[in-house]
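Structure first, commentary second.
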Amino acid sequence: MDEENPVELLQRYRRDRHVLLNYILSGNLIKKVVMPPGAISLDDVDIDQVSVDYVLNCAKKGDPLDLGDAIRLYHDSLDYPYVDNTGDVEGFYLLTRPEYSGSAPTREPPPVPAAAPLPVVVPPPVVEQPQIAVPSSVANLPKSLSLDSPTEELTIDDIEDFEDDEGEFDSRRASRRHQTDANDISLRLPLFETGITDDDLRETAYEILVAAAGASGGLIVPKKEKKKEKRHRLMRKLGRSKSESAESQTHRQPGLVGLLEILRAQLEITESMDIRTRQGLLNAMVGKVGKRMDNLLIPLELLCCISRAEFSDMKAYLRWQKRQLNMLEEGLINHPVVGFGELGRKVNELRNLFRKIEESESLSPSAAEVQRTECLRSLREVATSFSERPARGDLTGEVCHWADGYHLNAALYEKMLGSVFDTLDEGKLTEEVEEILELLKSTWRILGITETIHDTCYAWVLFRQFVFTGEQGLLKVVIEHLRKIPLKEQRGPQERLHLISLRSSVDADDSCQDFTFFQSFLSPVQKWVDKKLNDYHLHFSEGPSMMVDIVTVAMLTRRILGEENDKAMESPDRDQIDRYITSSVKSAFMKIAHFVEIKADTSHEHVLASLAEETKKLLKIETNIFSPVLSRWHPQAAVLSASLLHKLYGNKLGTFS
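If you count the sequence shown from 1, position 357 lands on 366 in this note's numbering, and the numbers rise without skipping.
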């Protein structure tokens, strides 16, 4: 079985940690939650830096949870190998490279000193000690259940300074992903030089969505709920089942307000960040009569309109500021499609301004404010001149473009498209998918998206989700959008020029390769389907139902990419099906030949007789199952596979003559 992409595995692990910790911290499992210094609510605590073991121990023992100690223990644990103390003796694990470790030592191991038996803690007889549930079943626990707590259940008032982020629990994702080689479907786009993360892209994508909504006049700043009301609503959520959760979504607020709330939950945006973003963009429009919100240079305006005082701690503010500066650097100067011209000398000036803004935070408050204000004033002048270079103006009706090149915009749009999947079942589309896609259209003028670019990006996002979940229904939607992608002659002259300009250089296999837009998005899809179809006897042995859709995807991507490369192919479908049959039949025949040879060593059957019998079985499978599928694109598929098997068996027969 192929290995899962480490990045996807890490994200799934992180999401599961969040679900578990949020459930424990928000329910009646902890006697008391004590915030670390400088934190007011859980919004101010980095959940990734909290020791899960410490939290679980507090839940089991009924002790107050000091998040400061939990964070300290997490960092302390990074200096030591993982220890397993569940058995009679402690064991630890080290990650090594076997090829460099050499053989095991020949000397006898030192004697193990006798360890003193661990003290046995007898719980009070009146309290039953249930086992701690794993994250996947946590959501099914009744809200009155307490994990091994020998003390009284937590009351709402015992939680110190807790704020609920709407959607933290609605956005639980019960991951059902199949293990796969996800590297095969990674986009062929260059890495970000500034180290922008998936979280950075997700948060910036939401800011762009808010700006697009504001351009249509549908932006309001929600009021924070009173703490007591919020806590009561949160506690009701904890006992809600999956069906109740899905039903509650139908009672959302109507119109754009409710849709933005859904997207906030889908993109895992906190309530405090949402309010800051909306207020910052509204403040940015003050005095800009006649200018649309989606024409703003969004990261720049947020830097100018959101102050340090709006954050609960310095760390969160610095992380937010660094993200905005990185977006400006990646968007304006790191991937120039349009030449800088006379602005070339200002590239270093722009980078120096980024550096000075970051350095201002180490100065005294008064000096920091002066330096930051001056730098932002200069940054506005320089960044605006960069963003007003003519690029796709003829296509979108806008001269201002906030991201040069398309890599950043494509990554942001991919995050937006990822919000169409059901948070409770990742293989399904959410009920609001059509409304979400309609709202995403309002971001096209900001990101330089066209109908063709949208269909291509969406097809890739859907296909990647199919690979992760194995949900065949997604393939139908992939095929639908691949068929919408127009051929070259069907595109307008402006769009043809725009698509030609979307090129990228990616370092791969010790060389730099150039990719067009379609190659960046569809060549990973083609690589994946080709890999499966080149051995369809192995991958579709349970039945051909999914194989039909996979072959359809293969033919559609081949058509688009073949036209992109200006390849004049005669009967391309037949040629490709021919290669699939040849590769898969050869692979299947070699496997049965190897099986027969092994079997002959332990039995008295002749190799050729056994091989003939197995070859007949293989031909029957090919004729009855796979040929009817492949004959849709290659009428002679059955004849080709039969003649190939005849030739392969003949070659084996020749070795005995």
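We put the beta carbon where it would ideally sit given N, CA and C, even for glycine.
At the level of alpha carbons, what is the spacing between Tyr-22 and Glu-390? The count along the sequence shown starts at 1 and reaches residue 22 at position 13. The count along the sequence shown starts at 1 and reaches residue 390 at position 381. So the two alpha carbons sit approximately 43 Å from each other.
When the distance is taken between beta carbons, is Ala-220 closer than 8 Å to Ile-307? The residue labelled residue 307 in the question sits at position 298 within the sequence shown. The residue labelled residue 220 in the question sits at position 211 within the sequence shown. In this structure, Ala-220 lies closer than 8 Å to Ile-307 by Cβ.
Contact defined as beta carbons within less than 8 Å: I believe Ala-222 pairs with Ser-428. What is the distance between those atoms, to the nearest angstrom? The sequence position of residue 222 within the sequence shown is 213, counting from 1. The sequence position of residue 428 within the sequence shown is 419, counting from 1. Not quite, the Cβ-Cβ distance comes to about 14 Å (not below 8 Å), so this is no contact.
Enclosing alpha helix (DSSP H) for Phe-472 [first to last residue]: If you number the sequence shown from 1, residue 472 lands on position 463. Run containing Phe-472: 460 to 478, per the alpha helix (DSSP H) assignment.
Does DSSP put Val-442 in a helix, a strand or coil? Here residue 442 corresponds to residue number 433 of the sequence shown, with the count starting at 1. Helix.
What are the boundary residues of the beta strand (DSSP E) that Thr-525 is part of? Taking the sequence shown and counting its residues from 1, one reaches residue 525 at position 516. Segment 520 to 525, the beta strand (DSSP E) holding Thr-525.
So who's on the other strand from Phe-320, going by DSSP bridges? By one-based count along the sequence shown, residue 320 stands at place 311. Note: Phe-320 sits in no beta bridge, so no partner.
On the three-state DSSP scale, how would you describe Val-391? For the purposes of this step, residue 391 is taken as residue 382 along the sequence shown, with counting starting at 1. Here Val-391 sits in helix by DSSP.
Of all the options Gln-535, Asp-283, Asp-431, Ser-640, which has the alpha carbon lying nearest to the alpha carbon of Leu-570? If you number the sequence shown from 1, residue 570 lands on position 561. Out of Gln-535, Asp-283, Asp-431, Ser-640, Gln-535 has the C-alpha closest to the C-alpha of Leu-570.
Counting pairs of beta carbons, one from the region 477 to 493 and one from the region 543 to 563, are three or more of them closer than 8 Å? yes
Considering only the beta carbon of each residue, do Tyr-215 and Leu-276 sit closer than 8 Å? As a first step, residue 215 must be located in the sequence shown, where it is residue number 206. As a first step, residue 276 must be located in the sequence shown, where it is residue number 267. It is a contact, given that the beta carbons lie within the stated cut-off.
Around the Cβ of Ala-376, are there at least 16 other Cβ atoms within 10 angstroms (buried) or fewer (exposed)? Looking up residue 376 in the sequence shown gives position 367. So Ala-376 counts as exposed.
Throw me the rounded Cβ distance for the Phe-524 and Glu-573 pair, which I believe falls under 8 Å. To locate residue 524, count along the sequence shown from 1; it is residue 515. To locate residue 573, count along the sequence shown from 1; it is residue 564. Not really, about 10 Å apart at Cβ, beyond 8 Å.
Please report the distance separating the alpha-carbon of Ile-634 from that of Tyr-422. Here residue 634 corresponds to residue number 625 of the sequence shown, with the count starting at 1. Here residue 422 corresponds to residue number 413 of the sequence shown, with the count starting at 1. Roughly 40 Å between the two C-alpha positions.
Is the beta carbon of Met-336 closer than 8 Å to that of Thr-213? The residue given as residue 213 occupies position 204 in the sequence shown. The residue given as residue 336 occupies position 327 in the sequence shown. A contact, by the Cβ cut-off of 8 Å.
Less than 6 Å between C-beta atoms, sequence neighbours within five positions excluded: which residues of the same chain meet that for Ala-224? Sequence index remark: in the sequence shown, residue 224 carries index 215 (1-based). Here the set comprises Arg-301, Met-302, Asp-303.
So, using beta-carbon positions, are Cys-314 and Leu-385 closer together than 8 Å? In the sequence shown, residue 314 corresponds to position 305, counting from 1. In the sequence shown, residue 385 corresponds to position 376, counting from 1. No, Cβ-Cβ distance for Cys-314 and Leu-385 is not below 8 Å.
Which one of Asp-587, Asp-519, Met-425 has the shortest CA to CA distance from Trp-652? To locate residue 652, count along the sequence shown from 1; it is residue 643. Looking at the sequence provided, one finds Ser at residue 652 rather than Trp. With distances taken between Cα atoms, Ser-652 lies closest to Asp-587.
Would the beta-carbon of Asp-193 fall within 8 Å of that of Trp-642? Indexing the sequence shown from 1 puts residue 193 at position 184. Indexing the sequence shown from 1 puts residue 642 at position 633. Cβ atoms of Asp-193 and Trp-642: not closer than 8 Å.
With Val-515 as the anchor, note down where its beta strand (DSSP E) starts and where it stops. Taking the sequence shown and counting its residues from 1, one reaches residue 515 at position 506. Unbroken beta strand (DSSP E) run through Val-515: 512 to 517.
Rounded C-alpha distance that separates Asn-292 from Asp-464: By 1-based counting over the sequence shown, the position of residue 292 is 283. By 1-based counting over the sequence shown, the position of residue 464 is 455. Using only the alpha carbons, I get a separation of about 35 Å.
One question on the structure: do Leu-483 and Tyr-415 come within less than 8 Å of each other, judged by their Cβ atoms? Here residue 483 refers to the residue found at position 474 of the sequence shown. Here residue 415 refers to the residue found at position 406 of the sequence shown. No, Cβ-Cβ distance for Leu-483 and Tyr-415 is not below 8 Å.
Rounded to whole angstroms, what's the CA-CA distance from Asp-52 to Thr-279? Just pull it up for me. Start at 1 with the first residue of the sequence shown, and residue 52 comes out as number 43. Start at 1 with the first residue of the sequence shown, and residue 279 comes out as number 270. Distance between the alpha carbons of Asp-52 and Thr-279: 7 Å.
Residue range of the alpha helix (DSSP H) that Tyr-83 falls in? Locating residue 83 in the sequence shown gives position 74, counting from the first residue. Counting along the chain, the alpha helix (DSSP H) containing Tyr-83 begins and ends at 76 to 86.
Is Phe-549 helix, strand or coil when you go by DSSP? Locating residue 549 in the sequence shown gives position 540, counting from the first residue. Coil.
Tell me the DSSP secondary structure of Phe-598 in three-state form. Locating residue 598 in the sequence shown gives position 589, where the first residue counts as 1. Three-state result, Phe-598: helix.
Report yes or no: do the region 584 to 603 and the region 620 to 640 share at least 3 C-beta pairs separated by less than 8 Å? yes
Can you tell me whether Ser-257 is buried or exposed? The criterion is at least 16 other CB atoms within 10 Å of its CB, across all chains shown. Residue mapping note: residue 257 aligns to position 248 of the sequence shown, counting from 1. Unreliable positioning characterises Ser-257 in this predicted model, as indicated by a pLDDT of 46, which lies under 50. A coordinate reading is not provided.
Leu-309 and Leu-388: beta carbons closer than 8 Å? The residue given as residue 309 occupies position 300 in the sequence shown. The residue given as residue 388 occupies position 379 in the sequence shown. Yes, the pair counts as a contact, with Cβ atoms nearer than the cut-off.
Tell me whether Val-64 sits in a helix, a strand or coil according to DSSP, three-state version. Residue 64 sits at position 55 when you count from the first residue of the sequence shown. If DSSP states are grouped into helix, strand and coil, Val-64 belongs with the helices.
Using the three-state DSSP reduction, which class does Phe-530 fall into: helix, strand or coil? Your numbering for residue 530 matches position 521 in the sequence shown. The answer is helix: DSSP assigns Phe-530 an H, G or I state.
Counterpart residues of Ser-363 in DSSP-defined beta bridges: For the purposes of this step, residue 363 is taken as the residue at position 354 of the sequence shown. Checking the displayed sequence, the identity of residue 363 turns out to be Phe instead of Ser. DSSP, once it has assigned bridges, lists no residue as partnering Phe-363.
So, at 6 Å on beta carbons, what are the nonlocal neighbours of Ile-56 in its own chain, with the 5 sequence-adjacent residues on each side left out? Within the sequence shown, the letter at position 47 stands for residue 56. His-27, Leu-30, listed in sequence order.
Compute the distance between the beta-carbons of Ala-602 and Leu-620, then report whether it is under 8 Å. Here residue 602 is taken as the residue at index 593 of the sequence shown, counted from 1. Here residue 620 is taken as the residue at index 611 of the sequence shown, counted from 1. Against a cut-off of 8 Å, the Cβ pair of Leu-620 and Ala-602 comes out as a contact.
Using only the alpha-carbon positions, how far apart do Ser-612 and Gly-663 sit? The residue given as residue 612 occupies position 603 in the sequence shown. The residue given as residue 663 occupies position 654 in the sequence shown. Cα to Cα, the separation comes out at about 23 Å.
In the DSSP assignment, the alpha helix (DSSP H) including Ser-652 goes from what residue to what residue? For this step, residue 652 is matched to residue 643 along the sequence shown. That run of the alpha helix (DSSP H) goes 646 to 663.
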